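Taking it in order: structure first as C-alpha cells, then the write-up.
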DNA sequence: ATCTGCCTGTGATATGGGTCACAGCACGGA
DNA sequence: TCCGTGCTGTGACCCATATCACAGGCAGAT
C-alpha cells in the first residue's frame, strides 16, 4: 500500500500491535470483525481539519497515529485548545452518539492515520455489539472527566501562572517523567498555542516563562523544558 | 408509604408519569424490570450531599424529583457550580462507568427523590441490557456537551457581564420562556451562587445586576426577573 | 418585638493581565 | 547569501475586577 504523508499505514485492526492498550480498540473478535467492515482507513497531512465545531455529525474518527488538536472558537476568533488527542482516542464520539453538532474542532498537527466510521454504520454497530457500546460509555466518561479537569483549571484558578504551572505538571505526568526529580517536557507547542490552552494571551505566557527561568524553577534545553524545582512549581499550581 | 420531607414518592418506574420524556428512564419493559430489581428508591432533605468530589464511586443516582447542585471546589475553598441538575438526570454516571473518583460534588437544593443503584449492580445491568447501555452513552454525550458549553463560557469570554448575560439567556431558554418578547426567569439562587456559576465574585454579580436594571435591560419582580430587552442582553452575551 | 444570621448594595483601592507597539531572532526558501 | 515570515521577548499603559469594609434589609427563631 501507498504511504502518503510519510506514514506507515496500519492496514487492519487485527494486526495492529498497539491495540491492547487502547480503551476503545481492544474489542472481542466478533465486534472487531464487524468494525473492520464499516471503517474507512485514511491518512491526513499535518494541518487537516477532521471536523468543525457546529457541523452535523458525520461519524467518528478513531485516531491511530499522530496527534490532533481539539479546540473551540468564539465568534470573535479567539481560540481555546481543549486538548491534544493522542492515538487510541475516538474523536467526534459524543456528537455522533447524541446526534447534536460537533462541539469542537479537530485539526491534525502531525501526519495522522485515522479510521473513519459513518454515523449510521456506527450506531448500528453499537446496537449489535453491546461490549463495544460499553467501551463507548467508558470513552465518554473519560472525555467527561478531562472536561471537568479543564473546567476546574479554567474556573478555579486566580492567576495565569497557576494555570501554566498546572499545565506543565500535567504534561510531565504524561510521559512517565513525573516520578523523576527533574522531569523533562518536550515543548511541541508555541507560546501562542500554550496561551490558547490556558485561556490567556501570548505575551503573558512569554513573561511567565521568563519569570520561571529567572527563578530557576524551569530551564530550557532547546525545545525541551527541564523542571528543576518541582516543589516550587506545585506550590504555584495550587494557590 | 410515608412521605418524608413532604415528597410524594414515586413508587415504581412503571407507574411514573414522567418517564416518557426522560432520556434514561424510558427503557424497554425488560430492562426496566431489571432496573426495578436493583434500584433503591430514597428521599433526601434539602442540603443533603449525595456524593463528594474525590470519593470512589459507589453507584449512580437517578434524580426523580427536586434539584441537585453539581459543583467542584478548589483546595482554598472556592466553589464553582457546574449546573443545577433537573429530574431525569443520572448523577455520578461517568465515575461509576469509568471507576474513577466522582469528579464533582452533588448536593440537593430541594427535597429530592432519587433512585440509587450500586456500581456492581449497575455495571452488570449495562452488560445485560444493551439498550440501557446505549442510553447511558447518550446521557454521557449530553453531559459532555454541557461541559463543553461551560468551558466555552468560562474560557472564551472577556468579561463577567458577558458570562452573566449568557447565563440569563440560557435560563430563559429552559422554561420555554425564550420565545416570548419579555421572558421571565425565576431567580432561585443567591448572588453568591450565581457568582460561583460564572466564576466571579459576589459583589461583581450585584453590581452587574444593578447595571442591567439601570439600563432597563432587566427588571426585578420579587424573585422573578423580567428580561425587558432581549436584544441588548444578547449583544452583551456575544462580545 | 428583638435578636441574629444571611443576603444585598456600594464605595475605595490595588493589581493582574490584556492590548498595542516594536525589536531581535531563527529558519527555510530562492 | 539575503529576504520574508513566524516566533519570542519586553516596555508602557489602562481597565476590569478582586478584595476589603461596612451599611441596610429581610426572615426566621426566641
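Chains as they are written, first to last, in the numbering used here: chain A, 1 to 239; chain B, 1001 to 1239.
Cβ atoms here follow ideal geometry from the backbone N, Cα and C, with glycine treated the same way.
Remember, predicted model here, so these are calculated numbers, not experimental data.
Can you name, in chain order, every residue of its own chain whose Cβ lies under 8 Å from the Cβ of residue i, other than the five neighbours on each side?
i, result
"residue 1122(B)", "1038, 1059, 1060 and 1096"
"residue 216(A)", "228 and 229"
"residue 1021(B)", "1088"
"residue 204(A)", "160 and 195"
"residue 1137(B)", "none"
Assuming residue i and residue j form a contact by the criterion Cβ under 8 Å, report the distance between their Cβ atoms to the nearest whole angstrom.
i, j, result
"residue 98(A)", "residue 1141(B)", "4 Å"
"residue 208(A)", "residue 164(A)", "5 Å"
"residue 1072(B)", "residue 148(A)", "7 Å"
"residue 267(A)", "residue 77(A)", "Outside the shown range of chain A (1 to 239) lies residue 267(A), about which nothing can therefore be said."
"residue 42(A)", "residue 114(A)", "6 Å"
"residue 144(A)", "residue 1044(B)", "Incorrect: roughly 24 Å between the Cβ atoms, too far for contact."
"residue 1202(B)", "residue 1191(B)", "5 Å"
"residue 1150(B)", "residue 151(A)", "6 Å"
Measuring CA to CA, which of the options is closest to residue i?
i, options, result
"residue 1139(B)", "1125(B), 1090(B) and 1150(B)", "1090(B)"
"residue 54(A)", "103(A), 163(A), 134(A) and 29(A)", "103(A)"
"residue 206(A)", "186(A), 170(A) and 160(A)", "160(A)"
"residue 1237(B)", "1183(B), 1152(B) and 1166(B)", "1166(B)"
"residue 133(A)", "28(A), 183(A), 11(A) and 19(A)", "28(A)"
"residue 1019(B)", "1173(B), 1118(B) and 1062(B)", "1062(B)"
"residue 182(A)", "69(A), 231(A) and 124(A)", "231(A)"
"residue 85(A)", "75(A), 69(A) and 74(A)", "69(A)"
"residue 1119(B)", "1035(B), 1152(B), 1026(B) and 1030(B)", "1035(B)"
"residue 1221(B)", "1185(B), 1171(B) and 1172(B)", "1185(B)"
"residue 74(A)", "1162(B), 1189(B) and 1204(B)", "1162(B)"
In its own chain, which residues sit with a C-beta less than 7 Å from the C-beta of residue i, not counting the 5 before and 5 after it?
i, result
"residue 219(A)", "213, 226 and 228"
"residue 154(A)", "199"
"residue 1056(B)", "1101"
"residue 1015(B)", "none"
"residue 169(A)", "233, 234 and 237"
"residue 172(A)", "178, 183, 185 and 227"
"residue 241(A)", "Because chain A spans 1 through 239 in this model, residue 241(A) falls outside it and cannot be assessed."
"residue 1064(B)", "1010, 1087, 1113, 1114 and 1115"
"residue 1046(B)", "1108, 1109, 1110 and 1111"
"residue 1146(B)", "1083"
"residue 1189(B)", "none"
Quick one: residues in its chain with C-beta nearer than 6 Å to the C-beta of residue i, no 5 flanking neighbours on either side, listed in chain order?
i, result
"residue 24(A)", "90, 135 and 139"
"residue 1002(B)", "Any reading at residue 1002(B) is ruled out, since the residue's pLDDT is 47, under 50, leaving its predicted position unreliable."
"residue 1187(B)", "1223 and 1225"
"residue 1032(B)", "1013"
"residue 1040(B)", "1116"
"residue 30(A)", "none"
"residue 1017(B)", "none"
The segment 1044–1054 of chain B / the segment 1104–1118 of chain B touching (three or more Cβ pairs under 8 Å): yes
Residues, ordered as in the chain, of the segment 1096–1124 of chain B that lie near chain A by beta-carbon distance below 7 Å: Taking 7 Å as the Cβ-Cβ cut-off against chain A, the residues of the segment 1096–1124 of chain B that qualify are 1097, 1098, 1100, 1103 and 1104.
Inter-stretch contact (C-beta, 8 Å, three-pair minimum) for the segment 178–192 of chain A and the segment 1115–1131 of chain B: no
Inter-stretch contact (C-beta, 8 Å, three-pair minimum) for the segment 1061–1081 of chain B and the segment 1184–1204 of chain B: yes
Under 7 Å (Cβ pairs) to chain A, residues found in the segment 1135–1153 of chain B: Cβ contacts with chain A come from 1136, 1137, 1138, 1140, 1141, 1142, 1143, 1144, 1145, 1147, 1148, 1150, 1151 and 1152.
Members of the segment 66–86 of chain A near chain B, C-beta cut-off 9 Å: 72, 73, 74, 75, 76, 78, 79, 80 and 82
Interface positions of the segment 1177–1199 of chain B facing chain A (Cβ-Cβ less than 8 Å), listed along the chain: Per Cβ criterion, the list reads 1199.
Residues within the segment 1007–1041 of chain B neighbouring chain A, beta-carbon criterion of under 9 Å: none
Chain A contacts made by the segment 1152–1168 of chain B, where a contact means CB separation under 7 Å: 1152, 1154, 1155 and 1156
Residues within the segment 218–233 of chain A neighbouring chain B, beta-carbon criterion of under 8 Å: none
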